[in-house]
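*Asks:* My questions will all concern the structure given below.
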Amino acid sequence: MTKHIFVTGGVVSSLGKGLTSASIAMLLEARGLRVKMQKLDPYINVDPGTMSPYQHGEVYVLDDGSETDLDLGHYERFTTTHLTRQSNYTTGQIYQSVINKERRGEFLGKTVQVIPHITNEIKEVVLQLDDADTDVVITEIGGTVGDIESLPFLEAIRQIPLERGRENCMFIHLTLVPFLKAAGELKTKPTQHSVGILRQIGIQPDILVCRTERSLDISDREKIALFCNVPLNSVIEERDKDFSIYEVPLSLQANKIDDLILKQLDLPAAGAELDGWHDILHRLRNPEHEVSIALVGKYAEHRDAYKSIYEALDHGGIANYTQVRVQPIKSEEIERDGAEKALAGFDALIVPGGFGERGVEGKVEAIRYARERNLPFLGICLGMQCAVIDFARNVAELTEAHSTEFFRDTPHPVICLMEEQEGVTEKGGTMRLGSQPAKLTAGSKSALAYGTSEISERHRHRYEFNSGYKQQLEQAGLVIAGTSPDQSLVEIVEVASHPWFVAVQFHPEFKSKPTAAHPLFAGLVAAAVAHHTGAKT
Ligand code: GLN
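Per this note's numbering, residue 67 is the first one in the sequence shown, and the count goes up by one each step.
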């Protein structure tokens with residue numbers, strides 16, 4: 067029988083529930099269990115695909131093309147679990163499905179209500195993950211306990227133990243134990259209140275994971291245990307990690323969270339196999355090189371907007387025993403001050419994906435600088451499109467070349483709307499999304515980095531390289547290093563005479579892991595190291 071773990075959060079948002087859930091999953095996998103993961107988000111958008119990165123951070127794209135919450139990125143980076151459309155639901159999706167059923171007459175004239183109809187729908191999306199190949203499903207509930215909008219989710223998960231047996235379910239509550247400077251002590255009251263709210267709803271947490279900047283002493287833990295009605299050894303400390311998020315699973319394991327879970331759910335388990343994870347931390351702690359990479363984007367100051375890119379750069383560093391320092395630079399700054407001022411002294415440039423015209427000229431300018439100065443460069447999605455614009459304008463002498471996304475009547479539309487996108491007006495889930503195969507050109511840098519000629523990568527775009535300009539740009543020296551298998555879509559462009567100028571239409575950052583850096587990020591960091599060393603000698 068599949069067992070269920072529910073992870074809730076209290077006191078404040080941004081406690082790192084996603085990271086904690088991913089870490090628990092990783093520890094259970096390390097003990098030989100088969101784990102599935104899921105996130106339930108209380109907002110009304112059907113998915114985060116239409117939300118601004120300022121509001122929600124990055125939109126994380128899965129193989130099947132679903133546009134999901136960025137926490138799912140942690141799940142994939144920390145575990146081997148396969149995520150699908152069933153791994154992320156929002157209030158919007160739940161209501162949409164119930165309303166569609168009502169319109170089809172499936173409720174047979176009954177009044178449709180939050181309880182039981184919405185809560186039944188929520189239970190269904192959780193329990194559909196049960197199967198013979200899954201030992202544990204971990205479901206993270208977004209939002210903070212006490213919010214009005216998360217109530218139906220909490221009510222639904224309260225009911226699940228009634229159906230599946232309390233012994234087959236566990237509630238883990240993540241909470242904050244703040245340090246009050248004026249009093250010079252840690253305060254447990256917010257945790258008591260937040261667990262109080264959960265208990266009012268009928269949920270008794272089994273484990274409390276206490277986020278804190280200082281160590282809890284025994285009296286703090288005793289107080290929390292007593293007031294929150296949990297055994298002392300189930301009060302687990304999770305201190306802030308100033309070094310790396312990859313320490314989180316190891317510190318949870320040091321506090322025996324995996325043993326507690328296995329015991330309570332009565333699961334058989336092997337000893338933990340964590341050598342790979344220890345190796346990551348060893349490499350992070352003992353770098354042989356240090357490089358600085360400029361990330362030029364529209365939302366540069368907003369780290370969460372490029373979450374997976376930051377992570378993938380770290381992975382590239384791990385693969386190369388290199389400490390990677392990333393400096394975000396707003397592309398508008400380059401428009402104002404010029405590329406030289408902003409980019410001098412960096413070892414590589416990365417230009418990520420994006421939408422909208424603001425800052426595009428700054429990106430093109432930054433890429434031109436990298437191309438002309440032999441600065442290693444990785445362009446992703448819009449970053450690739452800007453690379454093509456730069457090359458067309460400044461090498462192929464098509465001075466007014468542009469993307470029709472930004473200049474509809476450009477005389478040289480080197481980037482244009484994909485044919486399948488013409489006439490599409492609905493915004494949600496309508497881009498070219500998810501995994502698509504591509505083949506690589508023998509001898510290209512990409513083919514060398516991947517070590518194979520066939521790849522599959524995740525996409526999220528409406529515009530593409532205009533094949534009508536292929537010949538002209540190739541003649542000017544642009545290398546088409548990857549295309550769709552039928553060669554109709556250009557997936558990768560490179561500049562042969564440059565040490566590392568690789569620009570891709572897809573999003574390699576979504577498939578990078580700390581234990582297996584994506585080849586293009588490993589390649590970029592290796593080129594940055596060479597650039598750094600070359601610059602010194
Ligand atoms: N705006 C571009 C497009 O839709 C790039 C998208 C992206 O960078 N994800 O094609």
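All residues carry an ideal CB built from backbone N, CA and C; glycine is no exception.
Taking only runs of the beta strand (DSSP E) that begin and end inside the region 414-464, which ones reach a length of at least 3 residues, in chain order?
*Replies:* 414-417 and 443-446, all fully within the region 414-464.
*Asks:* If contacts are defined as beta-carbon pairs under 8 Å, then Y529 and L483 qualify, I think. What distance do you get, rounded to the angstrom?
*Replies:* 6 Å between Cβ atoms; contact.
*Asks:* Do I359 and L379 come within 8 Å of each other at the CB atom, strictly closer than that value?
*Replies:* Yes; because the gap between Cβ atoms is below 8 Å, this pair is in contact.
*Asks:* Specify the secondary structure class of I269 as computed by DSSP and reduced to three states.
*Replies:* In this structure, I269 counts as coil in the three-state DSSP scheme.
*Asks:* Count the other C-beta atoms from every protein chain shown that fall within 10 angstroms of the C-beta of G419, then say buried if there are 16 or more, exposed otherwise.
*Replies:* Result: buried.
*Asks:* Take the Cβ of F443 as the centre, count every other Cβ of all protein chains shown within 10 Å, and call the residue buried at 16 or more, exposed below.
*Replies:* By the 10 Å Cβ count, F443 comes out buried.
*Asks:* With C-beta atoms as the reference, is S153 less than 8 Å away from M117?
*Replies:* It is not a contact, given that the beta carbons lie outside the stated cut-off.
*Asks:* Would you check if there are 3 or more beta carbon pairs closer than 8 Å linking the region 568-575 to the region 350-364?
*Replies:* The region 568-575 vs the region 350-364: no contact.
*Asks:* Kindly indicate which three-state DSSP category T603 falls into: helix, strand or coil?
*Replies:* Unreliable positioning characterises T603 in this predicted model, as indicated by a pLDDT of 49, which lies under 50. The coordinate reading is nonetheless provided below. Correct three-state label for T603: coil.
*Asks:* Which of the three DSSP states, helix, strand or coil, is assigned to D370?
*Replies:* Of the three classes helix, strand and coil, the one that applies to D370 here is helix, per DSSP.
*Asks:* With a 10 Å radius around its C-beta and 16 neighbouring C-beta atoms as the bar for buried, classify T157 as buried or exposed.
*Replies:* Per the 10 Å Cβ criterion, buried.
*Asks:* Considering only residues of the same chain and omitting the five flanking positions on each side of R349, which have a CB-CB separation below 6 Å?
*Replies:* The residues are I384 and Y387.
*Asks:* Return yes when the C-beta of Q451 is under 7 Å from any heavy atom of the ligand MN, and no when it is not.
*Replies:* As far as ligands go, the structure on display features the ligand GLN and does not contain the ligand MN.
*Asks:* Mind reading off the beta-carbon distance from A405 to E367? Whole number of angstroms is fine, and I expect it under 8 Å.
*Replies:* With a Cβ gap of about 19 Å, A405 and E367 do not count as contacting.
*Asks:* Is L499 helix, strand or coil when you go by DSSP?
*Replies:* The answer is strand: DSSP assigns L499 an E or B state.
*Asks:* So, T465 versus R459, is the Cβ gap smaller than 8 Å?
*Replies:* It is a contact, given that the beta carbons lie within the stated cut-off.
*Asks:* Locate the alpha helix (DSSP H) running through N295, then write down its first and last residues.
*Replies:* That residue, N295, is in no alpha helix (DSSP H); it is neither H nor E in DSSP.
*Asks:* Considering only heavy atoms of the ligand GLN, does any lie closer than 7 Å to the CB of F421?
*Replies:* Indeed, a heavy atom of the ligand GLN lies less than 7 Å from the Cβ.
*Asks:* Can you grab the Cα-Cα spacing for the pair D113 / I521, in whole Å?
*Replies:* Taking the straight line joining both Cα atoms gives about 27 Å.
*Asks:* Could you name each continuous alpha helix (DSSP H) segment of 4 residues or more that falls completely within the region 502-588, going from the start of the chain to the end?
*Replies:* Listed in chain order, they are 511-516 and 536-541.
*Asks:* Assuming G139 contacts K373 under a Cβ cut-off of 8 Å, what Cβ separation, rounded to an integer in Å, is found between them?
*Replies:* The pair is a contact, with the Cβ atoms about 6 Å apart (cut-off 8 Å).
*Asks:* Evaluate contact between the region 282-297 and the region 308-318, counting only Cβ atoms and requiring at least three cross-stretch pairs below 8 Å.
*Replies:* No: the two stretches stay apart, fewer than three of their Cβ pairs being nearer than 8 Å.
*Asks:* Would you mind giving the Cβ-Cβ distance between V73 and I207, rounded to the nearest angstrom? I have them listed as a contact below 8 Å.
*Replies:* Rounded, the Cβ-Cβ distance is 7 Å, consistent with contact.
*Asks:* Determine which residues share a DSSP beta bridge with I207 and list them.
*Replies:* Beta-bridge pairing links I207 to L106.
*Asks:* Quick check: what's the CA-CA separation for I226 versus V203?
*Replies:* Cα to Cα, I226 sits roughly 13 Å from V203.
*Asks:* What is the C-beta distance between R526 and L555, in whole angstroms, given that I count them as a contact (C-beta under 8 Å)?
*Replies:* Contact doesn't hold; Cβ gap of about 14 Å is too wide.
*Asks:* Taking only three categories from DSSP, how would you classify R277?
*Replies:* Correct three-state label for R277: strand.
*Asks:* Only counting runs of 4 or more residues, tell me where the alpha helix (DSSP H) segments fall wholly within the region 70-127, in order along the chain.
*Replies:* For the region 70-127, whole alpha helix (DSSP H) runs of length 4 or above, ordered along the chain, are 83-96 and 119-122.
*Asks:* Report the three-state DSSP secondary structure of R349 (helix, strand or coil).
*Replies:* The answer is helix: DSSP assigns R349 an H, G or I state.
*Asks:* According to the neighbour-count rule (16 or more other Cβ atoms, all chains shown, within 10 Å of its Cβ), is F587 buried or exposed?
*Replies:* Buried: at least 16 other Cβ atoms inside 10 Å.
*Asks:* What span of residues does the beta strand (DSSP E) with A338 cover, start to end?
*Replies:* Note, A338: premise wrong, no beta strand (DSSP E); not H, not E.
*Asks:* Looking at the structure shown, is G363 part of a helix, part of a strand, or coil, going by DSSP?
*Replies:* G363: strand per DSSP, three-state reduction.
*Asks:* Taking T491 as part of the alpha helix (DSSP H), name the residues at either end of that continuous run.
*Replies:* Looking at the DSSP string, T491 is not in any alpha helix (DSSP H), and its letter there is neither H nor E.
*Asks:* Taking the alpha helix (DSSP H) that P218 falls in, what are its first and last residues?
*Replies:* Note, P218: alpha helix (DSSP H), L217 to R230.
*Asks:* Under the criterion of a Cβ to heavy atom distance below 7 Å, does H527 qualify as lining the ligand GLN?
*Replies:* Checking every heavy atom of the ligand GLN against the Cβ of H527, one is found closer than 7 Å.
*Asks:* Can we count C276 as close to the ligand GLN, meaning its CB is less than 7 Å from some heavy atom?
*Replies:* Because no heavy atom of the ligand GLN lies under 7 Å away, the Cβ of C276 does not count as near it: no.
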